[in-house]
Every structure is written in C-alpha cells, then in structure tokens.
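Residue numbers (this note's numbering): 1 to 372. Step one of this worksheet: look at the structure below.
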C-alpha cells in the first residue's frame, strides 16, 4: 500500500510540475506577443511602416490622377486628330475650289479680250459699209436729175438702187442687232468683272482661312509632339517609381526580418532567463524538500529523472513555440485540469495528514508494544 501511494504521489508531483511549466510558457508566450506588438508599434520601424503606407497611398493616388490625366489627354488628342483630319479635308477642298476659281478667272480674263477685238473689227467694217452705202445713195439721188431725158435704163437703175437699199437696210438691221448684242456682252463683261472681284475677295478669304488652318495644324502637330514627350516622360517616371518601390519593399522586408530576428532572440533570452530562474527556485524547493524528507530520497531520485525528461520536453516545447498559438484554444481545458489537480492536491494533503496521524498512532502502538 505504501509503495502504491508513493508512486501515485510522484506521478502527481510530476504532473503538477509539467502543468506549472506549461502554464508559465503559455503565459510568457501571450505576454511576449502583446509586448512585441506594442514594441513594434512604438519602435521606429512602426513609423517606417506608417510612412511606407502613406507613400503607398500617395503612390496609388498619384497613379489614379495620372491615369485620369492620360485619359483626358488621350481624349483631347483624339479630338485634335479628328479636328486636324477635318481641317485637312476642308483645306484640300478649299485649295481645289481656289484652283478652279483661278482657272475660271483666267479664262474669263482671256475671253473678253478676244471677243472685244472681234466685235470692234466687225463694227468698223459695218461703219465703213454704211458710209459706202450712204455715198452710193447720194450718187443715185444726183444721177436721176442729170439723166432725166436722155437715158432709157433709168428704171433698171432705180430697181438696182432699191435692191441695194434693201440689202443695206438688212445689213443695217443686222448691225443694230449686233450692236445690241455688243451692249449685252459689255454688260455681261461688267457683271463678270464684278463677279471676278467678288471671287477675288473670296479667294483672299480662302487664303486667309488656309493660313489659319495651317497655323492650327502646326499647333496641333506641336501639341502631338508635346503629348508624345509627356507620355515618354510619364513612362520613364513610372519605371523609376516602380524601381524605387521595389527597392523600398526590399529594404522594408530586410528591416522587418532583422527586427523579427532581434525580437525573437531577445524573447528567447528573456524566456530562458525566466525559465532558468524558475528552475533555480524549483531546485531550491526540491533541496528543501529533500532535506526535510529523508525518507523520500528514492522517490526524489525518480522525480529528478522525470524532471530531466520534463526539461527535455520543455526544450522541445521551446522549439515548438510557433505551434503554441493552437494551444491557446486548449488553455481552458488545461485550466480546468489545474483546478481538478488542485482539488486532488488538497485531497493528497488530507491523505498525508491522515498518513501522518496513522504513522504516529503506529509509532505509539510500537512504543507501547515495546514497553510491554
């Protein structure tokens, strides 16, 4: 019975020690995470992260603004291209119309000179013929008075004169008609000259418009050149900014990794110091219990072996600190187990007190038997 009770006590003590170590490590892990977050937020690295976030936000905002500007420039460029195409078409049409007008003006300038020359020649010929006819009529008027008595062919001469007069009348009518035609042609020439003046004014206006359109085209070409230069500059700025962003990210990752390594190393140092202090305290308690309880030396040797195993397990647990986040969920179950163990410890204390009473009674009985 005594052997069974001592083994159960050893197991209970080992379990208690393991639970205490587990609770200490979990508590240390939770506090270290909280302190790590606070230190990261308070450390200059936190400021760097904030500044980097601000730079990222500004970068994305600048990218959005530049994209909007590029879209606006593209729309303006498209409108300018459309306007330039329309202006080119209008300029070509105006040039064609100008050429046609110039050709018509030259033709109209050439035709009146030839027609005027021909008409003046015909008028001179008609005037000469009219003079000749008048002279012949006067001669005929004079000849009947001289040859009134002696010539029998007077009637034939009169007939000839009548036929000549009829011919002259027809010619005179033709001349009058031609004179009317000449007047009409002169009026037409005046109208043509007026139209030519109007057309010349239109040509001047068209030339001024063409010069304006050419100026607009030159401006459009300059704008296109500027837009291409702006696009190239923006592309260069984007590439430079992307390279800077990549360098910033690399530096950020290096800083974060270095800080993580330093923090983990410091945390491990602190944990090791705390665990070493706890182990020293436990060893002192163990030595005190060993000095007080000489009867339990054998059991204590076994507990030391088990403590070594527990230390080995503790080292393994330290290596498995990364997995302790999953054990946070099991903390409540461990707390309940601790409560149960405390109850069991109380019961064990009661049992120890009862055992002490029984041992005292047994010693008393042995003394009485020895005295008897």
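Don't be surprised by glycine CBs; every beta carbon is placed ideally from N, CA and C.
query	result
Using only CA atoms, which one of 357, 304, 368, 55 lies nearest to residue 14?	304
Which value, in whole angstroms, describes the spacing of the CA atoms of residue 58 and residue 68?	15 Å
Mapping DSSP to helix, strand and coil, what is residue 330?	coil
So, for residue 314: in the same chain, excluding its five sequence neighbours on each side, which residues have a beta-carbon less than 6 Å away from its beta-carbon?	21
Give the C-beta separation of residue 26 and residue 331 to the nearest angstrom, bearing in mind that I take them to be a contact with Cβ-Cβ under 8 Å.	6 Å
Is there at least one non-hydrogen atom of the ligand ATP closer than 6 Å to the beta-carbon of residue 288?	This structure lacks the ligand ATP; in fact it carries no ligand of any kind.
Please state whether the Cβ-Cβ distance between residue 70 and residue 227 is less than 7 Å.	no
For residue 244 and residue 261, I'd like the C-alpha separation in whole angstroms.	25 Å
Give the straight-line distance between the Cα atoms of residue 173 and residue 191, rounded to the nearest whole angstrom.	27 Å
Check whether the Cβ atoms of residue 17 and residue 310 lie closer than 7 Å to each other.	yes
Can you tell me which of 282, 333, 170, 92 puts its alpha carbon nearest to the alpha carbon of residue 308?	282
Do you know how far the Cα of residue 9 is from the Cα of residue 344?	11 Å
Which value, in whole angstroms, describes the spacing of the CA atoms of residue 207 and residue 90?	12 Å
Indicate whether residue 456 and residue 257 have their beta-carbon atoms separated by less than 7 Å.	No statement about residue 456 is possible, as the shown extent of the chain runs from 1 to 372 and does not include it.
Just the Cα atoms here: how many angstroms apart are residue 366 and residue 352?	20 Å
Is the Cβ-Cβ distance between residue 271 and residue 28 less than 7 Å?	yes
Ordered along the chain, which non-local residues of its own chain (more than five positions away) have a Cβ less than 6 Å from that of residue 284?	none
Nearest CA to the CA of residue 85: which residue from 346, 302, 274, 216?	216
Between residue 12 and residue 298, what straight-line distance do the alpha-carbon atoms span, to the nearest angstrom?	16 Å
Do you know whose CA, among 30, 239, 220, 62, lies nearest residue 88's CA?	220
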